[in-house]
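Numbering (my numbering), first residue to last: 4 to 605.
All residues carry an ideal CB built from backbone N, CA and C; glycine is no exception.
Remember, predicted model here, so these are calculated numbers, not experimental data.
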Amino acid sequence: MFLRRVAIIVISITVLAAGFQMLRSFGIISLIKNVNSQINLSEPKKPDIPHGLNFEKYLIVSDKYEANSLKTGLQLKTVLEYMKKDYFVVNVDEDIPDIADYDCIFFTFERLDFLKNIERYMDYVYSGGRVALLTRPVIDKTFESISELLGIKKYQPGVYDTDGIEVLSDILIGVKNFKTGSEIIRNSALKVEVDDGSIIHLKSYDGNPMLWTRDYGSGRFVVFNGTILNAKNNRGVIASVMRLSKDNFIYPVINVKMIHIDDFPAPIPEGKDEKIFEEFSRDVPAFYREVWWSDMIKLAKKYDLKYTGFIIETYNSLTEPPFKKGDSKNLRNLLLYGREILGLGGELGLHGYNHQSLAPEGFIKQDLGYKPWSSRDNMILSIQELIQFIRSIFAHYELRAYVPPSNILSPEGRESVVKASPDLKVIASVYLSNTEGDVYSQEFEVAEDKIVEFPRLSAGYEKDAIKMWQIYNGINLYGIFAHFIHPDDVLDPKRNNGKSWTALEKEFDSILGEVNSKYGWLRSFTISPAAQELIKYLECNPRVEYSGDAINIYTENYREDIYCIFITNKGIAESENCEYEKISEDAYLLTLKSEKCSLTVK
Numbered sequence: 004m005f006l007r008r009v010a011i012i013v014i015s016i017t018v019l020a021a022g023f024q025m026l027r028s029f030g031i032i033s034l035i036k037n038v039n040s041q042i043n044l045s046e047p048k049k050p051d052i053p054h055g056l057n058f059e060k061y062l063i064v065s066d067k068y069e070a071n072s073l074k075t076g077l078q079l080k081t082v083l084e085y086m087k088k089d090y091f092v093v094n095v096d097e098d099i100p101d102i103a104d105y106d107c108i109f110f111t112f113e114r115l116d117f118l119k120n121i122e123r124y125m126d127y128v129y130s131g132g133r134v135a136l137l138t139r140p141v142i143d144k145t146f147e148s149i150s151e152l153l154g155i156k157k158y159q160p161g162v163y164d165t166d167g168i169e170v171l172s173d174i175l176i177g178v179k180n181f182k183t184g185s186e187i188i189r190n191s192a193l194k195v196e197v198d199d200g201s202i203i204h205l206k207s208y209d210g211n212p213m214l215w216t217r218d219y220g221s222g223r224f225v226v227f228n229g230t231i232l233n234a235k236n237n238r239g240v241i242a243s244v245m246r247l248s249k250d251n252f253i254y255p256v257i258n259v260k261m262i263h264i265d266d267f268p269a270p271i272p273e274g275k276d277e278k279i280f281e282e283f284s285r286d287v288p289a290f291y292r293e294v295w296w297s298d299m300i301k302l303a304k305k306y307d308l309k310y311t312g313f314i315i316e317t318y319n320s321l322t323e324p325p326f327k328k329g330d331s332k333n334l335r336n337l338l339l340y341g342r343e344i345l346g347l348g349g350e351l352g353l354h355g356y357n358h359q360s361l362a363p364e365g366f367i368k369q370d371l372g373y374k375p376w377s378s379r380d381n382m383i384l385s386i387q388e389l390i391q392f393i394r395s396i397f398a399h400y401e402l403r404a405y406v407p408p409s410n411i412l413s414p415e416g417r418e419s420v421v422k423a424s425p426d427l428k429v430i431a432s433v434y435l436s437n438t439e440g441d442v443y444s445q446e447f448e449v450a451e452d453k454i455v456e457f458p459r460l461s462a463g464y465e466k467d468a469i470k471m472w473q474i475y476n477g478i479n480l481y482g483i484f485a486h487f488i489h490p491d492d493v494l495d496p497k498r499n500n501g502k503s504w505t506a507l508e509k510e511f512d513s514i515l516g517e518v519n520s521k522y523g524w525l526r527s528f529t530i531s532p533a534a535q536e537l538i539k540y541l542e543c544n545p546r547v548e549y550s551g552d553a554i555n556i557y558t559e560n561y562r563e564d565i566y567c568i569f570i571t572n573k574g575i576a577e578s579e580n581c582e583y584e585k586i587s588e589d590a591y592l593l594t595l596k597s598e599k600c601s602l603t604v605k
């Protein structure tokens, strides 16, 4: 009897202590405010630009009747706009005065016979100009007449399909010696041999030259022997063509790395997973707590990462009110994992009341089994319920970012999220569209309603050539590593390709390790402060004057610390108002410390 009373007392004290600790945690966390609310951009500054300076200027020659030319031209124009370069577009049959005024002329069309007066362009190159072919030409009379000048020694009639890619030089920072198999990157190309005076930078899996340069007189030809530059995911290659077109080349970058965890915190499945239990002797909740999350914390500390977690309240399929609140276990997960994300310097964002994408009937083309939403009002109510759920733990926390479930967001859904979320500043979805056309694909931009559109460029734990190619292209053009993962990929054999968490963690570690070793200059952010850096990048306009070995940078809309990549085969002798760090064999990261900066190369 005595022992029973003692046991009851001990249990009561334990319960009271646990309850007190829970209340204490709730009390402390209810006072948490995210530092995002304290981030404000400074007023932009304007430089005093002397009159008469010659800044970069590029010419795009396209064929308005050729679909591939228009697609390639669109990608080129987008890259030039991100790089803040002036350009002009003309059709292939137009007369073009003063071509000598341009730093480089781009051909985006395949039939050179349509070009007026090809000799003018050859003379332009010979006198020091640069001409870049961004799509493989077809064999016509004009091609036959200039093929040797382009560095082509032999060619076979017609075009053929090539696959894969191998990077032979450092034209893409950190990508030299990267090689894919034959299963990706399909190109239409000419089968060619180039002469000894040509420098090959890219070739296909079967060894066919894909990108090369050939000097002619005082100038240079840049030849891309393929058709993939008409696609968004290869914009980094266009950036490499840009750098090959000039001896010194400067362009702004965001300089950010970030990892998003979608569906986290979220309800964790109860019970056992056979493979998880076999490997770790733990049920699913214990695995997530003691293994998966522990490993994620180690990776964050190892590679200087700050996680942004995007919260799901429940996994029910309700799309009509009333929207039931998440239970006590869901609240506990939010408290436990949310607190630890914030403790790691991370951020919390909105994902969904549940995982039903905010879209009306007929919008989703993929077979996902999602229920449609009948009205905007219901969408708004669901997001408001999610916010109330989060605020029951983090009462004063400003929820600045939203990720749409399955990266699907209809126009009605977007309008509803913005209306339901007064603190919302950022929507983060994906960079590339899908074949069904129902994902919310984005450019880096600020929308008309002032919401920052911030796409993620890569996803998943597995390391493969396609994923690394996406990462390389994003870093080389934008200076951005924006990657997301899902905790429940570990439980889904389709999404993890039957791999164990041990195998997935090893591959994910390899991705992060490669990014860290090759691009250690990238700064770690969560989504909200990263969005402020994106605004700085989008609004700044570094105007670059190249005058021999002297380079002057006049940055319009300057804010503190604008970052640029500087491509040069020379060294930096001195600088003014500009810090620099060598990041590859022929590239520097510049930190502009004033609206007027200067460099001298040697």
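Measuring alpha carbon to alpha carbon, tell me which of Asn499, Ala431, Lys585, Gly184 ends up nearest Ile530. Ala431
Count the CB pairs spanning the stretch 359–366 and the stretch 412–423 that are closer than 8 Å, and state whether there are at least three. yes
Beta-carbon proximity of Lys521 to Ile176, cut-off 9 Å: yes
Hey, is the stretch 491–509 in contact with the stretch 470–479, meaning 3+ C-beta pairs nearer than 8 Å? no
Any chance you could list the alpha helix (DSSP H) runs of at least 4 consecutive residues sitting entirely within the stretch 59–93, in chain order? 70–85
Short Cβ contact (9 Å threshold) for Ile142 with Tyr158: yes
Is the beta carbon of Asn236 less than 9 Å from the beta carbon of Tyr481? no
How is Val162 classed by DSSP in three states: helix, strand or coil? coil
Could you tell me the boundaries of the beta strand (DSSP E) in which Ala590 lies? 590–595
Quick one: what's got a C-beta closer than 6 Å to Ile344's C-beta in the same chain, skipping five residues either side? Tyr310, Gly312
If you measure from the beta carbon of Asn71 to each beta carbon in chain D, is any gap under 9 Å? As a matter of chain content, chain D is missing from the structure shown, which is built from one protein chain.
Per-residue burial, Tyr105 [other beta carbons within 10 Å of its own, 16 or more giving buried]: buried
Tell me, to the nearest whole angstrom, how far the beta carbon of Leu398 is from that of Leu353; I am working on the premise that it is less than 8 Å. What sits at residue 398 in the sequence shown is Ala, not Leu. Their Cβ separation, rounded to whole angstroms, is 16 Å, which puts Ala398 and Leu353 out of contact at 8 Å.
Three CB pairs or more closer than 8 Å across the stretch 95–110 and the stretch 503–514: no
Going along the chain, which unbroken runs of the beta strand (DSSP E) with 3 or more residues stay wholly within the stretch 231–287? 251–256, 259–265
Please report the straight-line C-alpha distance between Tyr318 and Ser424, rounded to a whole angstrom. 21 Å
Cutting at 6 Å between CB atoms, please list the residues of its own chain near Cys600, excluding the five before and the five after it. Ile556, Asn580, Cys581
Length of the line joining the Cα atoms of Thr322 and Ile188: 40 Å
Using the three-state DSSP reduction, which class does Ser360 fall into: helix, strand or coil? coil
Distance, Cα to Cα, Tyr306 vs Val240? 27 Å
Measuring straight from C-alpha to C-alpha, what distance separates Thr145 and Ile202? 23 Å
Euclidean distance between Cα positions of Glu316 and Glu401: 17 Å
Cβ-Cβ distance between Phe447 and Val429 below 9 Å: no
Quick one: grab the DSSP three-state call for Phe511. helix
Considering just the uninterrupted stretch of the alpha helix (DSSP H) at Ser297, what are its terminal residues? 296–306
Run through the stretch 379–460 for me and flag every whole alpha helix (DSSP H) of 4 or more residues, listed as ranges in chain order. 379–394, 414–423
Suppose the cutoff is 6 Å on Cβ atoms and the five residues either side in sequence are ignored; what does the same chain contact list for Phe511 look like? Tyr464
Sequence-distant residues of its chain with Cβ nearer than 7 Å to Asn233 (five each side left out): Asn71, Lys74, Thr75, Gln78
Residue nearest to Lys573 in terms of C-alpha spacing, selected from Tyr90, Thr603, Met213, Phe181: Thr603
Bounding residues of the beta strand (DSSP E) (the contiguous stretch that carries Trp215): 212–219
What is the DSSP secondary structure of Ile16, counted as helix, strand or coil? Model confidence at Ile16 stands at a pLDDT of 45, short of 50, so the residue's coordinates are unreliable; what they give is reported in the following sentence. Residue state, collapsed to three classes: helix.
Residues that Leu321 bridges to, as DSSP identifies them: Bridge partners of Leu321: none, in fact.
Neighbourhood of Gln387 by C-beta, 6 Å cutoff - its chain only, sequence neighbours within 5 removed: Ala423
Tyr538 versus Asn476, Pro140, Val455, His486, residue with shortest Cα-Cα distance: The sequence as given places Ile at residue 538; Tyr does not occur at that position. Minimum Cα distance to Ile538 is reached at Val455.
Tell me where the alpha helix (DSSP H) around Glu577 begins and ends. No alpha helix (DSSP H) contains Glu577, which is instead part of the beta strand (DSSP E) from 575–579.
Quick check on the DSSP output: the beta strand (DSSP E) that includes Ala192 runs from which residue to which? 190–192
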